[in-house]
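Here is the structure we will look at.
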Amino acid sequence: MEASHISLHHQDEQVSLDLLTSLFFQTTHDAVIVRDFHNQRIYLWNDEAEKLYGRSSQEALGQNYVHLLQPQVLMGQVNNEEILNEQGQWQGELRQRYGNDQQVIVHSRQTLIFDPSSKRSLVLEVNQDITGTKRIEQENKEYIQLTSAANDLGIWFWNVAGRSDVVTSYRSKPAIAPPGMPVNVADYRHMIHPDDWHASVDAANQAVRTHTNYTKEIRILEPDGQHWLLIRGHPIYDEQGQPLRMLGVALDITERKLAEELLQTSNERVSTLLESIPDAVIQLDKEWRFTYVNIRTVQMMGKTRDELQGKSLWEVSPYTPDSVFETSLRQAMQNKQTVHFETYDPRVQRWFVIHAYPSPNGLALHFNDISEWKQLEETLQANQTQLQRLVESNVTGLIVTTMAGQILEANDIFLSLVGYTREELLAGQLSWRAMTPPEYLSLHEQVTHELLEQGACKPFEKAYITKDGKQVPVLMVGIRLEETSDRCLFFVLDMAEQKGLEKQRELLVGIIGHELRTPLTAIKGNLQLAQRRFHRYIQGHHDQPAKDSSSLAKIETSLEQAHRQIRVQERLINDLLESTRIADGTLTITLQPCNLLTIIHDTVEDMRFTRPERKLVLDLPVQQTVQISADADRIGQVLANYILNAFKYSPEETPVNIGMAIEEQKIRVWVQDHGRGIPPEAQQRVWDRFYRHSTPTDSGEKTNKSFGLGLHVCRALIQEHGGEVGVESYPGQGSTFWFSLPRS
């Protein structure tokens, strides 16, 4: 169907109206009327309505529908308005007035609609002529149009010679005065809007002087409001050519003016809409000349409105004659059919979807910028290509699953890992729930919840049951493919070899720890026996010569050093064994009520006894008891490790501070040294297993007297107590290691 032009009042508003009707309204070959359901005022009257009823849109717009057409329902006493109000639509046959005294019979389809902008209930009426009556001759139409306005026509006489009275006929509307009653010119002046009086008088005098007709639109002030009149007059002269009177008519055009205001408001809204949308909108005439461009078009084409107005599209278009752009537009213009197509504009380097809407006066174009969608499409295509390459590379296992458990897709690495074939996969026989050991199902449920909430999950370890019933450990990480989909993509890494190495290492560490402890215990016992015998010998030989006394002192120092080295080796072996227990989950603690202050004092006294050369400074609460539930030996072990590390990484002449802070929910204990500090990148790693910080010590001790297990064991012990550990350090300012425990 072709777009039909809806005629209203002003020709100079044709361009905006064409845009409105072309872009947003298409009609049929039937008569279309839009009227107010309540007051029956007509708001829309298309070309076919003019033909069917012999009335122009100017005559019909604003008129009362019932008064103008006098519709009568055929086939019985049916109240079509009541049915329309109840059901929202009605159709049937109507007898309506054609002109003033003729009738047409139409098949009418009526729909009740609501206009949110004006909050009015409107009736959309589509009528088809079924009488076979042809259009009457143009002369008859003009005669009917003239006589149909008689009800709004007033006749007036002006005594030009006396310049005193204006006499109106009984047909005048609005009533300037009672019919036939002369009106004084001074009184008549008060009835006219002040802004119109002088212009009206000047125009009348000009008509009298020049022997021409007088035409003017004026506003009449009445108690019920303001009315518009179209005043037309013809001066009459005597035989000498002197003016006698002016005979004229006054036509009430108030409703037409209201319709014009509505049209202007509508056009302003359309213009505002077209100027505010982010898309380019263009109106072309039949010669491909620009008749309207919005601001987005100006920006897109890099030209002003004046530079485009009246120019041919093909003068400024960068497209070649055989391009999709030109071919599609010429097709739309020639066939009067709407077309939609994609094209690339090299001038602005953007992609557009162009909608071309034909109209009686040309073509309306709507450019929808889809460049971002094109870029997204290219990005998605590139991502899909990369993902496909990753899947085909078989570097790691990949599976696509549903939340319910079905494995939809898998690469060869995963299938080889679990021992299934691609045929079994395609047959729908693989389910991660069925392949997951019971002890991992709750973990997988947490992962599923995380995927639903966040769209991705953190890496996690689990195991899959292979086709032959074995368990293979894996490391997995997954993402949800779409927010509205239950499909997920998982990367699966085989951890069997790594887990085997870890077990072997734990076994080796345990063997080494036990094998070293046995001979070390014997050496320690022999060394203690030698020290006791040496002390008894010294006590029995007080009168030794000075030379012998010096030699004996050296022997005693050597024994002390050997005993200290034994303690160091014992601590290293204990760390190895504790680390093994942590790894295999056999680390145990015994919680009992104890006084944390007592643990701190006992540990500090032991440190002072074994390292009398170092200064320990306490910063503890004045209270005597800080009750906690803990394994006292384990807490003392952690504190001793902190203090020994502080000795190692700080100068001997600097003190080591030990303090405590009691908070609302926990108790915090810290050990502070004054050494070189720890770089930020190493502060998190110091708690890792087998990590040894390479910073030189300030105490002169060698850094290789450690497996890098002490702090790792400390963290595990504190976490078993429900506490936390941490370090605060700045290069050159020392370090503060702390741990916290829950209050009892």
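Take the sequence shown: its letter number 472 is residue 472 in the UniProt record's numbering, and every next letter is one higher.
A virtual CB, placed ideally from N, CA and C, is assigned to each residue, including glycine.
Note that this is a predicted model, so its numbers are computed, not measured.
Query raised in the report: From what residue to what residue does the alpha helix (DSSP H) around TYR53 run?
Result: Counting from one through the sequence shown, the residue named residue 53 turns up at place 53. Counting along the chain, the alpha helix (DSSP H) containing TYR53 begins and ends at 47 to 53.
Query raised in the report: What are the start and end residues of each continuous alpha helix (DSSP H) run of 4 or more residues lying completely inside the segment 623 to 676, in chain order?
Result: 632 to 648
Query raised in the report: Taking the alpha-carbon positions, what's the THR111 to LYS257 distance?
Result: Locating residue 111 in the sequence shown gives position 111, counting from the first residue. Locating residue 257 in the sequence shown gives position 257, counting from the first residue. Going from the Cα of THR111 to the Cα of LYS257 covers about 27 Å.
Requested in this report: Kindly indicate which three-state DSSP category CYS457 falls into: helix, strand or coil?
Outcome: Position 457 of the sequence shown holds residue 457. Coil at CYS457, not helix or strand.
Query raised in the report: When the Cα atoms are used, what is the spatial distance from GLN70 to SER121?
Result: Residue mapping note: residue 70 aligns to position 70 of the sequence shown, counting from 1. Residue mapping note: residue 121 aligns to position 121 of the sequence shown, counting from 1. Going from the Cα of GLN70 to the Cα of SER121 covers about 21 Å.
Report task. Keeping to the same chain, check which residues put their C-beta closer than 6 Å to that of GLU50; ignore five residues upstream and five downstream. Result -> Counting from one through the sequence shown, the residue named residue 50 turns up at place 50. Closer than 6 Å at Cβ, skipping near neighbours: SER56.
**Report entry** Contained alpha helix (DSSP H) runs [length at least 4] in the segment 361 to 442, N- to C-terminal order
**Finding:** 371 to 393, 412 to 418 and 422 to 426
Query raised in the report: When burial is assigned at 16 or more other CB atoms within 10 Å of the CB, is PRO358 buried or exposed?
Result: Taking the first residue of the sequence shown as 1, we reach residue 358 at position 358. Buried.
Query raised in the report: What is the DSSP secondary structure of ILE465, reduced to helix, strand or coil?
Result: Position 465 of the sequence shown holds residue 465. Of the three classes helix, strand and coil, the one that applies to ILE465 here is strand, per DSSP.
**Report entry** Unbroken beta strand (DSSP E) run spanning GLU728, endpoints
**Finding:** One-based indexing of the sequence shown puts residue 728 at position 728. Counting along the chain, the beta strand (DSSP E) containing GLU728 begins and ends at 724 to 729.
Query raised in the report: With distances taken from CA atoms, which of GLN454, ILE465 and GLN498 is nearest GLU483?
Result: Mapped onto the sequence shown, residue 483 falls at position 483. Selected option, being the one with the closest Cα: GLN454.
Report task. Measure the alpha-carbon distance for THR254 versus GLN226 and round it to whole angstroms. Result -> Locating residue 254 in the sequence shown gives position 254, counting from the first residue. Locating residue 226 in the sequence shown gives position 226, counting from the first residue. Rounded to whole angstroms, THR254 to GLN226 spans 8 Å at the Cα level.
Report task. Kindly indicate the opening and closing residues of the beta strand (DSSP E) around ASP285. Result -> Reading the sequence shown from its first residue, position 285 is the one you call residue 285. 280 to 285 is the span of the beta strand (DSSP E), which, as asked, contains ASP285.
Query - Straight-line Cα distance separating LEU620 from PHE647 - result: The residue given as residue 647 occupies position 647 in the sequence shown. The residue given as residue 620 occupies position 620 in the sequence shown. Computed Cα separation, rounded: 20 Å.
Query - For GLN719, the first and last residue of its enclosing alpha helix (DSSP H) - result: Taking the first residue of the sequence shown as 1, we reach residue 719 at position 719. Run containing GLN719: 710 to 720, per the alpha helix (DSSP H) assignment.
Query raised in the report: Does the segment 656 to 664 come close enough to the segment 683 to 693 that 3 or more CB-CB pairs lie under 8 Å?
Result: no
Query raised in the report: Sorted by chain position, which residues of the same chain lie with C-beta nearer than 8 Å to PRO593's C-beta, five sequence neighbours on each side aside?
Result: Residue numbering aside, residue 593 sits at position 593 when the sequence shown is read from its first letter. So the list reads GLN627, ILE628, SER629 and SER744, once near-sequence residues are dropped.
Requested in this report: Please report how far the alpha carbon of SER108 lies from the alpha carbon of GLY62, in whole angstroms.
Outcome: Position 108 of the sequence shown, counted from the start, is the residue given in the question as residue 108. Position 62 of the sequence shown, counted from the start, is the residue given in the question as residue 62. C-alpha separation (whole angstroms): 21 Å.
Query raised in the report: Does the segment 370 to 377 come within contact of the segment 296 to 307, defined as at least 3 CB pairs closer than 8 Å?
Result: no
Query raised in the report: Would you say MET333 and LEU363 are within 9 Å of each other, going by their C-beta atoms?
Result: The sequence position of residue 333 within the sequence shown is 333, counting from 1. The sequence position of residue 363 within the sequence shown is 363, counting from 1. Yes, they are a contact pair.
**Report entry** TRP314, buried or exposed, once every other Cβ within 10 Å from all chains shown has been counted against 16
**Finding:** Taking the sequence shown and counting its residues from 1, one reaches residue 314 at position 314. So TRP314 counts as exposed.
Query raised in the report: Would you say LYS615 and PRO655 are within 9 Å of each other, going by their C-beta atoms?
Result: Stepping through the sequence shown from its first residue, residue 615 is reached at position 615. Stepping through the sequence shown from its first residue, residue 655 is reached at position 655. Taking 9 Å as the Cβ cut-off, LYS615 and PRO655 qualify as a contacting pair.
Report task. Would you mind reading off the limits of the beta strand (DSSP E) that contains HIS211? Result -> Taking the first residue of the sequence shown as position 1, residue 211 is located at position 211. Here HIS211 belongs to no beta strand (DSSP E), and DSSP marks it neither H nor E.
Query raised in the report: Relative to the alpha-carbon of ASN595, which residue among GLU560, ASP631, ARG608 and MET607 has its alpha-carbon at the smallest distance?
Result: Within the sequence shown, residue 595 is the residue found at index 595, counting from 1. Per the Cα distances, ASP631.
Query - Spatially closest choice to THR448 from ARG433, VAL713, PRO437 and ALA640, by CA coordinates - result: The residue given as residue 448 occupies position 448 in the sequence shown. For THR448, the nearest C-alpha among the options comes from ARG433.
Query - Three-state secondary structure (DSSP) of LEU244 - result: Here residue 244 refers to the residue found at position 244 when the sequence shown is read from its first residue. Here LEU244 sits in strand by DSSP.
Query raised in the report: Based on the DSSP secondary-structure assignment, which residues constitute the bridge partners of THR736?
Result: Here the question's residue 736 lines up with position 736 in the sequence shown. Answer is GLN672 and GLU728, bridged to THR736.
Requested in this report: Leaving out five residues on either side along the sequence, give the residues of the same chain with a beta carbon under 8 Å from the beta carbon of LEU597.
Outcome: The residue you call residue 597 lines up with position 597 of the sequence shown. Counting only Cβ-Cβ distances below 8 Å, and skipping sequence neighbours, we find LEU620, PRO621, GLN623, GLN624, THR625, VAL626 and MET660.
**Report entry** Residues bridged to GLY92 [DSSP beta-bridge criterion]
**Finding:** Stepping through the sequence shown from its first residue, residue 92 is reached at position 92. Bridge partners of GLY92: SER108.
Requested in this report: Can you tell me which of the three DSSP states GLY310 falls into?
Outcome: Locating residue 310 in the sequence shown gives position 310, where the first residue counts as 1. Coil.
Report task. Please report the Cβ distance between LEU717 and ILE589, rounded to the nearest whole angstrom; I am assuming they are in contact, meaning their Cβ atoms lie under 8 Å. Result -> For the purposes of this step, residue 717 is identified with residue 717 of the sequence shown, where counting begins at 1. For the purposes of this step, residue 589 is identified with residue 589 of the sequence shown, where counting begins at 1. 7 Å between Cβ atoms; contact.
Query raised in the report: Around the C-beta of GLU48, are 16 or more other C-beta atoms found within 10 angstroms, so that it is buried, or is it exposed?
Result: The residue given as residue 48 occupies position 48 in the sequence shown. So GLU48 counts as buried.
Query raised in the report: Are the CB atoms of MET495 and VAL474 nearer to each other than 9 Å?
Result: Sequence index remark: in the sequence shown, residue 495 carries index 495 (1-based). Sequence index remark: in the sequence shown, residue 474 carries index 474 (1-based). In this structure, VAL474 lies closer than 9 Å to MET495 by Cβ.
Query raised in the report: Comparing alpha-carbon positions, which option in SER200, ALA356 and ILE277 lies nearest THR338?
Result: Looking up residue 338 in the sequence shown gives position 338. Of SER200, ALA356 and ILE277, the residue nearest in Cα terms is ALA356.
Report task. Within the same chain, show all residues whose beta-carbon is closer than 8 Å to that of LEU23, passing over the 5 residues directly before and after it, in chain order. Result -> As a working note, residue 23 is residue 23 in the sequence shown. Because LEU23 carries a pLDDT of 38, less than 50, the predicted location of this residue cannot be relied on, and the following value inherits that uncertainty. The residues are VAL281, TYR357, ALA364 and HIS366.
Query raised in the report: Buried or exposed: where does LYS462 fall if 16 or more other Cβ atoms within 10 Å of its Cβ makes it buried?
Result: For the purposes of this step, residue 462 is taken as residue 462 along the sequence shown, with counting starting at 1. Buried, since its Cβ has 16 or more Cβ neighbours within 10 Å.
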